[in-house]
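Numbering (the numbering used here), first residue to last: 35 to 340. Beneath this line is the structure, given in structure tokens, with notes to follow.
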Ligand code: NCD
């Protein structure tokens with residue numbers, strides 16, 4: 035049985051197939067409207083979420099399936115001390131597939147080892163967020179037409195931002211992708227990504243502090259929020275939170291085709307005035323997230339649609 039813990043759980047070919055399926059779903063949603071009738075998705079969310087949980091639920095409903103689950107650890111038996119392994123054993127009796135978000139790195143992996151149904155990591159602490167990466171890849175491929183030959187700026191909290199870690203791991207597998215890592219000194223990409231992923235794969239990258247310096251050369255700018263919940267103290271968060279604010283004036287420094295992506299939620303890092311710029315793609319990205327999760331559910335449940 036297949037689980038999805040990291041974007042690397044799929045080969046580049048498998049990923050291509052998944053993105054093709056997502057594009058077909060986008061074009062012909064009616065073809066897929068009943069293919070998961072009788073199937074159930076469990077969403078086990080021990081950490082807050084709007085997009086990821088609702089996107090999974092919408093994805094299963096769009097396929098004709100049903101959903102069950104919890105959106106808050108406080109309303110689950112975790113408060114009584116139940117382990118994720120016992121919870122997933124139980125949920126395996128109620129559902130055909132599960133998406134789990136947890137504040138502890140590795141919790142969905144522990145669950146997958148005890149599970150009788152496919153488990154999808156929907157975000158584990160500051161570690162990985164593979165389905166956001168699938169969303170990002172689908173958005174980039176659909177709007178740019180390619181996943182190679184790109185200069186990608188990642189900006190903001192590169193230390194705690196799990197979406198950034200997963201996206202870098204996925205993109206190093208494509209040719210001629212260059213990275214510009216834009217962050218304050220304290221929020222640099224962790225060493226295991228810098229040395230273990232970028233350098234290990236001989237990828238060209240540079241680290242800069244000023245967003246303005248990077249903008250002119252980028253094909254794509256991936257903005258992120260400062261991850262307040264992973265800071266040890268509030269003072270550091272307050273000092274860092276408005277370090278980057280992308281506004282209309284900064285957008286003038288960027289090329290006419292530079293896309294702006296953001297996994298959302300946005301706090302202050304993108305001014306609302308940027309939303310009307312045709313290069314702003316972060317709400318389109320939300321829609322792609324539903325298509326790619328539909329494609330992932332079909333793939334993991336091995337549902338064939340002719
Ligand atoms: C992200 C996450 O949860 O890591 N949100 C999401 O799933 N789209 C990004 C974030 O919370 O900043």
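Heads up, the beta-carbon is just placed ideally off N, CA and C, and yes, glycines get one too. In this text, all values refer to a predicted model and were calculated from it rather than measured experimentally.
Item	Value
Around the Cβ of residue 62, are there at least 16 other Cβ atoms within 10 angstroms (buried) or fewer (exposed)?	exposed
Pairs of beta-carbons, one from the segment 318-327 and one from the segment 81-92, closer than 8 Å: are there three or more?	yes
Okay, do the segment 192-202 and the segment 73-81 touch, 3+ Cβ pairs below 8 Å being the bar?	no
Do the segment 288-301 and the segment 236-253 touch if we need at least three Cβ pairs shorter than 8 Å?	yes
May I ask you to verify whether the segment 256-275 touches the segment 292-302, counting CB pairs closer than 8 Å and requiring at least 3?	yes
Quick one: residues in its chain with C-beta nearer than 8 Å to the C-beta of residue 161, no 5 flanking neighbours on either side, listed in chain order?	139, 140, 196 and 199
Flag this pair as touching only if the segment 224-242 and the segment 259-274 have three or more C-beta atom pairs under 8 Å; answer yes or no.	no
Can you tell which of 188, 171 and 310 has the C-alpha that lies nearest to the C-alpha of residue 180?	171
Rounded to whole angstroms, what is the Cα-Cα separation between residue 237 and residue 211?	7 Å
Flag this pair as yes or no: are the beta carbons of residue 182 and residue 209 separated by less than 7 Å?	yes
With distances taken from CA atoms, which of 192, 110, 101 and 193 is nearest residue 128?	101
Roughly how many angstroms separate the alpha carbons of residue 145 and residue 118, rounded to a whole number?	6 Å
Thinking just about the alpha-carbon of each residue, which of 185, 176, 143 and 149 is nearest to the one in residue 163?	143
Please check the pair residue 330 and residue 173, which I expect to be a contact at CB under 8 Å, by giving their CB distance rounded to whole angstroms.	Residue 330 to residue 173, Cβ: 15 Å. No contact.
So does the segment 102-111 actually touch the segment 50-60, counting three or more Cβ pairs closer than 8 Å?	no
Return the Cβ separation of residue 156 and residue 123 in integer angstroms, given the expectation that the two are a contact with Cβ distance under 8 Å.	So it is not a contact: roughly 19 Å between Cβ atoms.
Look at residue 278 and residue 303 and say whether their C-beta atoms are less than 7 Å apart.	yes
First and last residue of the alpha helix (DSSP H) that includes residue 46?	46-61
Using a strict less-than 7 Å threshold between each residue's beta carbon and the heavy atoms of the ligand NCD, what residues do you get?	83, 85, 86, 157, 163, 166, 195, 196, 197, 258, 259, 261, 297, 298 and 299
Helix, strand or coil: which one does DSSP assign to residue 285?	helix
Which residue or residues does DSSP assign as beta-bridge partners of residue 174?	DSSP, once it has assigned bridges, lists no residue as partnering residue 174.
Do residue 80 and residue 37 have their C-beta atoms closer together than 7 Å?	no
Below 8 Å on the Cβ atoms is my contact criterion, and I expect residue 214 with residue 234 to pass it. Report the Cβ-Cβ distance as a whole number of Å.	Residue 214 to residue 234, Cβ: 19 Å. No contact.
Considering only residues of the segment 291-335, which uninterrupted alpha helix (DSSP H) runs meet the minimum length of 4 residues and lie entirely inside it, listed in chain order?	316-334
If you follow the alpha helix (DSSP H) that residue 90 is part of, which residue opens it and which one closes it?	85-96
Alpha carbon to alpha carbon, how far is residue 216 from residue 187?	7 Å
With DSSP collapsed to three states, give me the class of residue 258.	coil
Just how far apart, CA to CA, sit residue 84 and residue 318?	16 Å
Find the nearest neighbour of residue 96 within the set 65, 112 and 115, judged by alpha-carbon distance.	65
May I have the straight-line CA-CA distance separating residue 312 from residue 281, to the nearest angstrom?	14 Å
Just to confirm, are residue 328 and residue 59 a CB contact at a threshold of 7 Å?	yes
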